[in-house]
Each structure stands twice: as structure tokens, then as C-alpha cells.
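Per numbering that gives the first Met the number 0: the sequence shown = residues 0 to 192.
Note that CB positions come from ideal geometry on N, CA and C, so glycine has one too.
Reviewing the structure listed below.
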Amino acid sequence: MKAGYQSSQRTDQYGLLRMVDKALGLAPLTNNDAYAATVNDAWTGTSGGGGGGPITSGGTYEITQGGQAIDDPGSSTSTGTQMIVWKLHGGNNQRWTFTANSDGSYTVKNVASGLCLDDSGASNSAGSPIVQWTCSGATNQNWSVTANGSSYNLVSKQSGLVVTAAGTANGSTLTQQTSTGGALQLWGFTKVG
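Rendered as C-alpha cells:
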């Protein structure tokens with residue numbers, strides 16, 4: 000199927016197997032549709048509501064990359080604090096609540112500070128810092144989660160640029176950069192609440 004293809008027809012893993020079986024002239028492997036989960040959402044990116052991907056609106060997640068997590072340094076409650084990566088430790092300063100917006104993006108709020116992930120100054124420039132700020136509903140606080148291989152990019156709705164770690168060491172800062180598919184731009188999401 001072409002990227003972006005959408006179908007109103009329900010498709011599940013068993014139906015896909017039957018289609019392959021039929022194309023190869025094989026006897027059907029199964030007809031167990033009663034237990035099948037739809038896979039349409041895997042192609043349309045709507046599985047979690049909002050911006051798609053692995054996210055459920057209202058869920059709280061750790062956003063990780065190679066054992067590091069997006070971190071509010073020192074559990075700061077100050078607006079303008081630049082976000083970093085730090086070794087995953089399970090603290091509330093590494094937990095983020097995603098709320099779906101009507102445009103398909105998410106607002107991402109830190110559990111410890113109650114402040115939102117923010118493209119500083121509503122910048123459209125690569126290199127602009129990713130900070131936390133008072134939640135306002137502005138476009139520079141809206142984020143999409145888009146698949147990139149087996150991981151995901153966190154994309155600013157304001158700029159179209161992706162959240163990028165400056166490195167893998169504790170304290171490496173986050174900025175927004177043009178998507179390169181590099182490891183420092185790829186994130187995993189673990190639901191913790």
C-alpha cells in the first residue's frame with residue numbers, strides 16, 4: 000500500500016493473512032476474526048487519537064532514547080527552563096501527560112512542573128531550544144508523534160522541526176532540528192499512567 004492510503008474497510012491481521020494465502024493459492028490459515036484487532040490504524044496513524052502513534056490522549060509517558068529520558072532538570076518549575084536528556088529514573092520530572100488537540104496534535108505537560116513542552120519563542124529556526132512554559136494552547140506547544148522506523152519523531156506543529164538531543168550524555172540539551180532520521184531524533188514512548 001502507498002504511504003497515506005486510507006480505507007474505510009475494516010482490515011485485521013487475519014484478513015491480511017487470508018489475502019496472502021489466496022494470492023499464493025494456499026488453504027486459509029485461519030478465520031478467527033472474532034479475536035482480530037484492526038490494523039487500519041497502523042497505516043493511518045490514528046490508533047491513539049490525536050496525533051497518532053503510540054499515544055493515548057490523557058496518558059502519561061516516559062519519552063526515551065537509548066536509556067535516557069526527556070527530563071525537566073532538577074524538577075524545575077521555572078518557565079523557560081531548557082529540557083535535557085538524563086538517565087531514566089522514573090521520577091515525575093521525566094513523565095509527560097499527552098492531551099489531544101482538535102488539529103490532531105498533542106499538548107505535552109510535565110508531571111512534576113505542570114508546565115508544557117514548548118518550542119521557545121514560537122521559533123521556526125533549527126537550533127531553537129525546547130523549553131517548558133505555562134500551558135497556553137499556542138501552536139508552539141502542539142506536538143505530533145510520527146513514526147520513523149520502529150521509533151518516533153516528536154514534531155513541533157509550529158515549525159515542523161523535530162525534537163533532537165544534543166548528545167547521549169546526562170544533561171544534553173534538547174533543540175528542534177530538521178529531520179535527519181538520526182538516533183538523537185528517535186524516541187520511544189512508555190505509558191506509565
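Rounded to whole angstroms, the separation of the alpha carbons of Thr-78 and Thr-172 is 16 angstroms.
Three or more Cβ pairs closer than 8 angstroms define a contact, and the segment 52 to 62 meets that threshold against the segment 78 to 95. Closest in C-alpha terms to Gln-131, from the list Gln-184, Gly-73 and Gly-181, comes Gly-73.
Thr-174 and Pro-53 have their alpha carbons spaced roughly 22 angstroms apart. In the DSSP annotation of this structure, the continuous segment of the beta strand (DSSP E) that includes Cys-115 starts and ends at 115 to 118. Within the segment 81 to 133, no complete alpha helix (DSSP H) segment of 4 residues or longer occurs. Beyond the five residues adjoining it in sequence on each side, Leu-185 comes within less than 8 angstroms, by CB distance, of Gln-64, Asn-147, Gly-148, Ser-150, Tyr-151 and Asn-152 in the same chain, given in chain order. Per DSSP, the beta-bridge partners of Asn-147 are Ser-150. Shown here, Asn-141 sits in a strand according to DSSP, grouped into three states. Closest in alpha carbon position to Ala-137, among Gly-180, Asn-100, Gly-113 and Phe-188, is Asn-100. The DSSP-derived three-state label of Gly-58 is coil. For Val-162, the enclosing beta strand (DSSP E) begins and ends at 161 to 164. Considering only Gly-103, Ala-68, Leu-183 and Gly-24, the residue with the shortest C-alpha distance to Trp-142 is Gly-103. According to DSSP, residue pairing for Gln-184 in a beta bridge does not occur.
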